[in-house]
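Numbering (my numbering), first residue to last: 3 to 285. Beta carbons: idealized from backbone N, C-alpha and C, even for Gly. A short write-up of the structure that comes next.
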Amino acid sequence: MADTKETVKELERIASRCRRSVIRMVRSSGAGHMGGAMSCMDIVAALYFHAMNVDPAYPNKPDRDRFVLSAGHKCMAQYAALAERGFFDFSELDTYGKLNTKLPGHPDMHKLPGVEANTGALGHGLSISVGMSLGLKRSHPGARVFAVMGDGELPEGSNWEAASAASHYGLDNLTVFVDDNGLQISGRTVDIMNMEPVGARFAAFGWATKDIDGNDMSEVVEALEKLPIERGRPTAVIAHTVKGKGLSFAEGKVSCHYWKPKEDELLQAERELDEAVKRGGAA
Ligand SMILES: Cc1ncc(C[n+]2csc(CCOP(=O)(O)OP(=O)(O)O)c2C)c(N)n1
Ligand SMILES: [Mg+2]
């Protein structure tokens, strides 16, 4: 097995290639939810390439781990990772958001193998994940569920019913990453509906929690390797991230939530990520 330093480097390379694939999708469709896809990209890449038991040749194998993208608008991150992992040909990326595509603007489990749930209406992914975790505990002990949520969807009340159920049933096969980029659709999350301190809220609902820098691959890997944090409890990893991560002109800006770039911006994005891929490091 490769040592941790090598593993981290390789995952950084994969995440950079995935970020480049996100821009490929934006070029083909003309627009997309770029900011949130970029902020969670390191987590999603590490899940698909370092943590999850999934097999592109047998996407429905019953004992597989499940990935639920609760914040479905970040789907370009999942599509990029699925392509990289071999679930479909890279050429499909050029159909993103087009009529009859397998890659619509929010993920569709009936269209794309590897997608486990239809998401996009925020605040439902955690409930779905809790149901999956409970079922898997009984049918396939050992199978795990990983959910990625946005910080902007935390105010949805359904999350907190699901959070209660997860600890009540001792779902230590469930891990949630909150992609805490501090922004949602129209501004700062703390201004629109303040859910801080996020970790303490999950802890109050009986979860084991950990805060990490979600754009630092070594911290993401370390968190993944220590799961569950506590036997008998679900885990919430509060991943502090940067919206638009990897693009100098987009990082931390609310305007990159749904990005409809002009040609010169697109060219700059392609240039910056091509350089990151060529360097063979993090974006
Ligand atoms: C129930 C629901 N309400 C509103 C929306 C519209 N919407 C799409 S993305 C978004 C902001 C989400 O913010 P966050 O989860 O933090 O995602 P990110 O910052 O990563 O883009 C909103 C309000 C939605 N998709 N679903
Ligand atoms: Mg956010």
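Option nearest asparagine 62 by Cα separation, candidates His75, His52, Ile45 and Phe89: Phe89
For methionine 78, the nearest candidate out of Thr97, Asn183 and Lys255 (CA to CA): Thr97
Beta-carbon spacing of serine 41, lysine 247 below 7 Å: yes
Local Cβ density within 10 Å of methionine 3, reported as buried at 16 or more and exposed below that: Its pLDDT being 47, under 50, methionine 3 is placed unreliably by the model, and the measurement read from it follows with that caveat. With fewer than 16 Cβ atoms within 10 Å of its Cβ, methionine 3 is classed as exposed.
Three-way DSSP call (helix, strand, coil) for valine 147 in this model: strand
Cβ-based burial, serine 131 [other Cβ within 10 Å; buried from 16]: buried
Leucine 185: CB within 6 Å of a non-hydrogen atom of ligand 1: yes
Contact between the stretch 234 to 246 and the stretch 202 to 221 (3+ Cβ pairs under 8 Å): yes
Methionine 3, DSSP secondary structure in three states: Residue placement at methionine 3 is flagged as unreliable, the pLDDT there being 47, under the threshold of 50; a coordinate-derived value is accordingly withheld.
Inter-residue Cα distance where the pair is phenylalanine 251 and alanine 271: 9 Å
Check: glutamate 155 C-beta below 6 Å from any heavy atom of ligand 4: Absence of ligand 4 is noted for the structure shown, with ligand 1 and ligand 2 being the only ligands found.
Cβ-based neighbour list, glycine 283, same chain, cut-off 6 Å, excluding 5 preceding and 5 following: Glu14
Span separating the alpha-carbon of alanine 168 from that of arginine 26: 37 Å
Cβ contact (3+ pairs, closer than 8 Å) linking the stretch 195 to 205 and the stretch 251 to 260: no
Assigned exposure category for phenylalanine 69 - 16 Cβ within 10 Å defines buried: buried
Same chain, Cβ closer than 8 Å to isoleucine 214, neighbours up to 5 away in sequence not counted: Glu221, Val222, Glu224, Ala225, Val239, Ile240, Ala241 and His242
Continuous beta strand (DSSP E) stretch holding aspartate 67: start and end: From DSSP, aspartate 67 is part of no beta strand (DSSP E); its letter is neither H nor E.
Three-state secondary structure assigned by DSSP to threonine 177: strand
Rounded distance between the beta-carbons of alanine 59 and methionine 219, thought under 8 Å: Their Cβ separation, rounded to whole angstroms, is 27 Å, which puts methionine 219 and alanine 59 out of contact at 8 Å.
Leucine 269 versus aspartate 193: straight-line alpha-carbon distance, rounded: 33 Å
DSSP beta-bridge partners of valine 239: Phe179 and Lys212
Nearest-angstrom Cβ-Cβ length linking lysine 245 and glycine 38, presumed shorter than 8 Å: 7 Å
Pairwise C-alpha distance: arginine 281 and serine 160: 43 Å
Between the CA atoms of proline 143 and alanine 119 - distance to the nearest angstrom: 21 Å
The alpha helix (DSSP H) enclosing glycine 32, as first and last residue numbers: Segment: none, glycine 32 is in no alpha helix (DSSP H) and carries neither H nor E.
Sub-7 Å separation of aspartate 174 and proline 263 beta-carbons: no
Cβ-based neighbour list, threonine 177, same chain, cut-off 6 Å, excluding 5 preceding and 5 following: Phe148, Leu229 and Thr237
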